[in-house]
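So the structure is just underneath, and the comments pick up after that.
There are 2 protein chains.
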Amino acid sequence: MSVTIKDIAQVSGVSYSTVSKALNDSPLVKPDTKKKILQVAKDLGYTPNFVAKNLVSKKSNTIGLAWPTIEQTALSTLVTEINKQVVKNNYFMMLSINDTNHAVEMFQKFRVDGVIIFEAETPLVKTFDSNLPILTHGVSSNNPYPIIDVNHRKSIYEAVLYLNRLGHKKISYVGFPSQTDKRQIEKLKGFRVAMNEIGLKVDEDSIISTDGLTWYDGYAAAKKLLQRSNLPTALINGSYDLSVGILRAVNEFNLKVPEDISIISYDNIPQMARLETPLTSVGVPVNQLAEKMVNSLLDLINKTNSLPLIEVMEPEITKRGSCSNPTYKKAD
Amino acid sequence: MSVTIKDIAQVSGVSYSTVSKALNDSPLVKPDTKKKILQVAKDLGYTPNFVAKNLVSKKSNTIGLAWPTIEQTALSTLVTEINKQVVKNNYFMMLSINDTNHAVEMFQKFRVDGVIIFEAETPLVKTFDSNLPILTHGVSSNNPYPIIDVNHRKSIYEAVLYLNRLGHKKISYVGFPSQTDKRQIEKLKGFRVAMNEIGLKVDEDSIISTDGLTWYDGYAAAKKLLQRSNLPTALINGSYDLSVGILRAVNEFNLKVPEDISIISYDNIPQMARLETPLTSVGVPVNQLAEKMVNSLLDLINKTNSLPLIEVMEPEITKRGSCSNPTYKKAD
DNA sequence: TTGAAAGCGCTACCAC
DNA sequence: GTGGTAGCGCTTTCAA
Numbered sequence: 001m002s003v004t005i006k007d008i009a010q011v012s013g014v015s016y017s018t019v020s021k022a023l024n025d026s027p028l029v030k031p032d033t034k035k036k037i038l039q040v041a042k043d044l045g046y047t048p049n050f051v052a053k054n055l056v057s058k059k060s061n062t063i064g065l066a067w068p069t070i071e072q073t074a075l076s077t078l079v080t081e082i083n084k085q086v087v088k089n090n091y092f093m094m095l096s097i098n099d100t101n102h103a104v105e106m107f108q109k110f111r112v113d114g115v116i117i118f119e120a121e122t123p124l125v126k127t128f129d130s131n132l133p134i135l136t137h138g139v140s141s142n143n144p145y146p147i148i149d150v151n152h153r154k155s156i157y158e159a160v161l162y163l164n165r166l167g168h169k170k171i172s173y174v175g176f177p178s179q180t181d182k183r184q185i186e187k188l189k190g191f192r193v194a195m196n197e198i199g200l201k202v203d204e205d206s207i208i209s210t211d212g213l214t215w216y217d218g219y220a221a222a223k224k225l226l227q228r229s230n231l232p233t234a235l236i237n238g239s240y241d242l243s244v245g246i247l248r249a250v251n252e253f254n255l256k257v258p259e260d261i262s263i264i265s266y267d268n269i270p271q272m273a274r275l276e277t278p279l280t281s282v283g284v285p286v287n288q289l290a291e292k293m294v295n296s297l298l299d300l301i302n303k304t305n306s307l308p309l310i311e312v313m314e315p316e317i318t319k320r321g322s323c324s325n326p327t328y329k330k331a332d
Numbered sequence: 001m002s003v004t005i006k007d008i009a010q011v012s013g014v015s016y017s018t019v020s021k022a023l024n025d026s027p028l029v030k031p032d033t034k035k036k037i038l039q040v041a042k043d044l045g046y047t048p049n050f051v052a053k054n055l056v057s058k059k060s061n062t063i064g065l066a067w068p069t070i071e072q073t074a075l076s077t078l079v080t081e082i083n084k085q086v087v088k089n090n091y092f093m094m095l096s097i098n099d100t101n102h103a104v105e106m107f108q109k110f111r112v113d114g115v116i117i118f119e120a121e122t123p124l125v126k127t128f129d130s131n132l133p134i135l136t137h138g139v140s141s142n143n144p145y146p147i148i149d150v151n152h153r154k155s156i157y158e159a160v161l162y163l164n165r166l167g168h169k170k171i172s173y174v175g176f177p178s179q180t181d182k183r184q185i186e187k188l189k190g191f192r193v194a195m196n197e198i199g200l201k202v203d204e205d206s207i208i209s210t211d212g213l214t215w216y217d218g219y220a221a222a223k224k225l226l227q228r229s230n231l232p233t234a235l236i237n238g239s240y241d242l243s244v245g246i247l248r249a250v251n252e253f254n255l256k257v258p259e260d261i262s263i264i265s266y267d268n269i270p271q272m273a274r275l276e277t278p279l280t281s282v283g284v285p286v287n288q289l290a291e292k293m294v295n296s297l298l299d300l301i302n303k304t305n306s307l308p309l310i311e312v313m314e315p316e317i318t319k320r321g322s323c324s325n326p327t328y329k330k331a332d
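Top line first, the protein sequences correspond to chains B and W. Position 138 (the first sequence) corresponds to 138 in the UniProt record's numbering; numbering is contiguous. Position 132 (the second sequence) corresponds to 132 in the UniProt record's numbering; numbering is contiguous.
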């Protein structure tokens, strides 16, 4: 049996409603009384029963995150950042690695205040209790819940323009040309559009396809690329994990960044700065994305703001010294 | 307002205690009544309120898992397997990626039935409510909670003996000789003890140190090793992630497994079978480990069994064809 | 400033 | 078989 407010009331010789108020730091309780009650609570090793609290207040102060099966660094970084934001707002976060539909159902039974559906691999077939605030990210857009997304196309587009402004004409894109992954398709599109706009040809030399999004895929692609006689002066690549591999290959070829080659990577996460060569990167900064997601969900929960059904966040370039102009003067 | 059993009672014209019984499939309700009530519940879109249920039954049917900051494949596989076991036992699992102490505190407030502390990076300073069943894994052994561990030393020990039985005399170990990671230290010790026991010398040629436990660490170490003139006939390595890199290197050197070199890896997870070359591996099969952990926690919760403070699980070798005798005849 | 009492949604017990 | 009711631990009126 754990200790309840009644126990505290008994010991401190007050009514249990007074204890409740004291515990909630209500101004209605005399400081002396409050102090004594708090002391007794501590002595007794009292742990508030959230279950009971939630039952009456109809607030769990908890959000659920339907967790994908993720291996990608950038995505697990996002989950971590979301957790930080949640804690900062005095909420808890409950993760579930079950199937999305199962996860949401469970969250609902626990009466969480809101749910984030994150990178669902399976379609959201069910319509859940319409009162449950749900926010999605990276889910196909034909779902009834607000979605916070990221402008992938513009990210790579901006990267091309940035390199071009530095004077680069020979720019290559290393990425995974998946048929099904919308995000990868968008990135590639951004590359083509930008190159076209500034009058640079896109041929097979300028697009290097990887076999996936892992570290080794980047490594293998970069190795193939770097063996060529006619090297690009600048490289754009599609993810953090790819970057790791690409840098290894660049190292093995004894190339200096940015003296021999400029590199800009997708995924604006802090880990970019901790690579063997810190990389300039483009994308929505992960902390901003996390903050936006959590604040949006909180708005949904508190009904303080109505949300647009789709919100696409715009990318930023974060300079970390891996790009210069092609004549080898550092530009960032 | 979500619908409650009272709403159901009103609509179906019975008392709400009958509804409660029907919903819990009690034999005390006439099948007809039950059927009708269930139908009404469905029509109304009723979702049981676990919060209320938990309050009275003092059971949340949920266990909490204090989630480490993991990057290692084998560990996230373990979490997934644990989740499967939990679901199989009609429980829910709540994950927290917060600091362990914070996580347990939160779980306690939510009155979870039990907690698994998994690979805690920070020491467990606090003693939590002594009534909360807690099970740990991979945590330093000077904690007051039962711990389920894995015999790392014996794993590698058995691997050496296995290779030796096949006739190998030139056996190398590729692993991360961390000063602080007890598990890595134990693996290395297992190698030394076994080699010593069968009268083989351990020199710098037989131990190849990696710089970490990532994929690339394995790749880099293997490349260095394979350049030697005097190749070992068999290789033992310390983790799944290392294996991935090692196989890439082996491939690049155009070596055949097991014809040119036998490989056995630590980490007994199914992914081993899905590598470019399926690898024979040693360790406690991850599903067995997960099952043991969940069952143990459930025992703790239901007090059906008392647990020893430390339980160390013994490894198995799972043969997947990557080992032969040195004269190139497949052995497994 | 404190206390009494209602009630959150549900289970479990006891009557009928 | 079914209904009435107490009570889980807490917050929140309302009275004193």
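Idealized CB from N, CA, C, for every residue including glycine.
Looking only at its chain, what residues have a beta carbon closer than 6 Å to the beta carbon of residue 217 of chain B, apart from the 5 residues adjacent to it on each side? On the first sequence, position 217 is the one that residue 217 of chain B refers to. If we look at residue 217 of chain B and ignore the five residues flanking it on each side, its Cβ neighbours are 210, 211.
Can you tell me whether DSSP reads residue 105 of chain W as helix, strand or coil? By one-based count along the second sequence, residue 105 of chain W stands at place 105. Three-state result, residue 105 of chain W: helix.
Mind checking residue 56 of chain W: buried by the 16 CB within 10 Å criterion, or exposed? Counting from 1 along the second sequence, the entry for residue 56 of chain W is found at position 56. Exposed.
Does DSSP classify residue 334 of chain W as helix, strand or coil? Because chain W in this structure spans residues 1 to 332, residue 334 of chain W falls outside the shown range and cannot be described.
Reduced DSSP category for residue 28 of chain W - H, G, I as helix; E, B as strand; rest coil: In the second sequence, residue 28 of chain W corresponds to position 28, counting from 1. Coil.
Cβ distance (whole Å) where residue 148 of chain B is taken to contact residue 65 of chain B below 8 Å: Within the first sequence, numbered from 1, the residue matching residue 148 of chain B stands at position 148. Within the first sequence, numbered from 1, the residue matching residue 65 of chain B stands at position 65. Not a contact, Cβ separation roughly 13 Å.
Along the segment 96 to 120 of chain W, what residues have a CB closer than 9 Å to any CB found in chain B? Correct list: 96, 97, 98, 102, 105, 106, 108, 109, 110, 111.
Touch check for the segment 27 to 46 of chain B and the segment 81 to 98 of chain B: three-plus C-beta pairs under 8 Å? Fewer than three pairs of CB atoms, one per stretch, sit closer than 8 Å, so the segment 27 to 46 of chain B makes no contact with the segment 81 to 98 of chain B.
Which word fits residue 233 of chain W, buried or exposed, when buried means at least 16 other C-beta atoms lie within 10 angstroms of its C-beta? As a working note, residue 233 of chain W is residue 233 in the second sequence. Residue 233 of chain W comes out buried.
Does any residue of chain B bring its CB to less than 9 Å from the CB of residue 51 of chain W? Sequence index remark: in the second sequence, residue 51 of chain W carries index 51 (1-based). Yes - at least one Cβ of chain B is within 9 Å of the one on residue 51 of chain W.
Could you name the residues of chain B that residue 40 of chain W contacts, counting a contact when the two beta carbons are closer than 8 Å? Here residue 40 of chain W refers to the residue found at position 40 of the second sequence. Within chain B, no residue comes near residue 40 of chain W; the closest Cβ sits about 17 Å away, beyond 8 Å.
Nearest-angstrom beta carbon gap, residue 53 of chain B and residue 47 of chain W [assumed within contact, 8 Å]: Working through the second sequence from its first residue, we reach residue 47 of chain W at position 47. Working through the first sequence from its first residue, we reach residue 53 of chain B at position 53. So it is not a contact: roughly 20 Å between Cβ atoms.
With a cut-off of 9 Å, does the C-beta of residue 313 of chain W fall near any C-beta of chain B? As a first step, residue 313 of chain W must be located in the second sequence, where it is residue number 313. For residue 313 of chain W, no Cβ of chain B is located within less than 9 Å of the residue's own Cβ.
Going by DSSP, what residues sit across from residue 174 of chain B in a beta bridge? Taking the first residue of the first sequence as position 1, residue 174 of chain B is located at position 174. DSSP, once it has assigned bridges, lists B:208, B:237 as partnering residue 174 of chain B.
Range covered by the alpha helix (DSSP H) that runs through residue 297 of chain B: The count along the first sequence starts at 1 and reaches residue 297 of chain B at position 297. Looking at the DSSP string, the run of the alpha helix (DSSP H) that includes residue 297 of chain B is 286 to 302.
Could you list which residues in chain W have their beta carbon closer than 9 Å to that of residue 216 of chain B, in chain order? Counting from one through the first sequence, the residue named residue 216 of chain B turns up at place 216. Result: 215, 216, 219, 244, 245, 248.
Is it true that the CB of residue 28 of chain B sits closer than 9 Å to the CB of residue 289 of chain B? As a first step, residue 289 of chain B is located in the first sequence; it is residue number 289 there, counting from the start. As a first step, residue 28 of chain B is located in the first sequence; it is residue number 28 there, counting from the start. No; because the gap between Cβ atoms is not below 9 Å, this pair is not in contact.
List, in order along the chain, the chain W residues whose C-beta lies closer than 9 Å to that of residue 92 of chain B? Here residue 92 of chain B corresponds to residue number 92 of the first sequence, with the count starting at 1. In chain order: 96, 98, 106, 109, 110.
Selected residue, minimal CA-CA separation from residue 257 of chain W, among W:242, W:280, W:205: Position 257 of the second sequence, counting from 1, holds the residue named residue 257 of chain W. The shortest Cα separation from residue 257 of chain W among W:242, W:280, W:205 belongs to W:280.
How about the segment 82 to 93 of chain W and the segment 302 to 317 of chain W: do they share at least three Cβ pairs that are nearer than 8 Å? With the cut-off at 8 Å, the segment 82 to 93 of chain W and the segment 302 to 317 of chain W do not touch.
Reduced DSSP category for residue 65 of chain W - H, G, I as helix; E, B as strand; rest coil: Locating residue 65 of chain W in the second sequence gives position 65, where the first residue counts as 1. Three-state DSSP puts residue 65 of chain W in a strand.
With DSSP as the reference, identify every bridge partner of residue 118 of chain W, one or two as the case may be. Working through the second sequence from its first residue, we reach residue 118 of chain W at position 118. Bridge pairing for residue 118 of chain W: W:137 [DSSP].
Give me the subset of the UniProt domain "HTH lacI-type" (3 to 57) of chain W whose CB atoms are less than 8 Å from a CB atom of chain B, sorted by chain position. Within the UniProt domain "HTH lacI-type" (3 to 57) of chain W, the residues whose Cβ lies closer than 8 Å to some Cβ of chain B are 45, 47, 48, 49, 50, 51, 52, 54, 55, listed in chain order.
Taking the Cβ atom as the reference point for each residue, do residue 266 of chain W and residue 159 of chain W lie within a distance shorter than 9 Å? As a working note, residue 266 of chain W is residue 266 in the second sequence. As a working note, residue 159 of chain W is residue 159 in the second sequence. Result yes, Cβ atoms of residue 266 of chain W and residue 159 of chain W sit closer than 9 Å.
Three CB pairs or more closer than 8 Å across the segment 228 to 246 of chain W and the segment 163 to 174 of chain W: Put simply, the segment 228 to 246 of chain W touches the segment 163 to 174 of chain W. At least three CB pairs are less than 8 Å apart.
For the putative contact between residue 240 of chain B and residue 74 of chain B, defined by C-beta atoms under 8 Å, what is the C-beta separation to the nearest angstrom? Counted from its first residue, the first sequence places residue 240 of chain B at position 240. Counted from its first residue, the first sequence places residue 74 of chain B at position 74. About 5 Å; that satisfies the 8 Å criterion.
Could you give the residue range of the alpha helix (DSSP H) that holds residue 7 of chain B? Numbered from 1 along the first sequence, position 7 holds the residue referred to as residue 7 of chain B. Residue 7 of chain B -> alpha helix (DSSP H) spans 5 to 12.
Using a beta-carbon distance below 9 Å, is residue 87 of chain B in contact with chain W? Position 87 of the first sequence, counting from 1, holds the residue named residue 87 of chain B. Contacts with chain W at 9 Å (Cβ-Cβ) include residue 87 of chain B.
In chain W, which residues lie with their C-beta within 7 Å of the C-beta of residue 131 of chain B? Counting from one through the first sequence, the residue named residue 131 of chain B turns up at place 131. Annotation: Cβ neighbours of residue 131 of chain B in chain W (cutoff 7 Å, chain order): 2.
Which bits of chain W does residue 277 of chain B rub up against, with CB to CB less than 9 Å? Here residue 277 of chain B refers to the residue found at position 277 of the first sequence. Within chain W, no residue comes near residue 277 of chain B; the closest Cβ sits about 15 Å away, beyond 9 Å.
Under 9 Å Cβ-Cβ, which residues of chain W neighbour residue 83 of chain B? Against the first sequence, residue 83 of chain B aligns to sequence position 83. Chain order gives the chain W residues near residue 83 of chain B as 96, 97, 98, where near means a beta carbon separation below 9 Å.
Under the three-state DSSP convention, the category residue 55 of chain W falls into: Against the second sequence, residue 55 of chain W aligns to sequence position 55. Helix, per DSSP.
Taking the alpha carbon of residue 153 of chain B as the point to measure from, which residue in B:282, B:22, B:30 has its own alpha carbon closest? Translated into the one-based positions of the first sequence, residue 153 of chain B becomes position 153. Ranking B:282, B:22, B:30 by Cα distance to residue 153 of chain B puts B:282 first.
From the DSSP output, read off the bridge partner residues of residue 92 of chain B. In the first sequence, residue 92 of chain B corresponds to position 92, counting from 1. Beta-bridge pairing links residue 92 of chain B to B:62.
DSSP puts residue 186 of chain W in a beta bridge; with which residues? By one-based count along the second sequence, residue 186 of chain W stands at place 186. Answer is none; residue 186 of chain W lacks a bridge partner.
When W:201, W:193, W:151 are compared against residue 183 of chain W, the one with the closest alpha-carbon: On the second sequence, residue 183 of chain W is found 183 positions in, with the first residue counted as 1. Nearest C-alpha to residue 183 of chain W: W:151.
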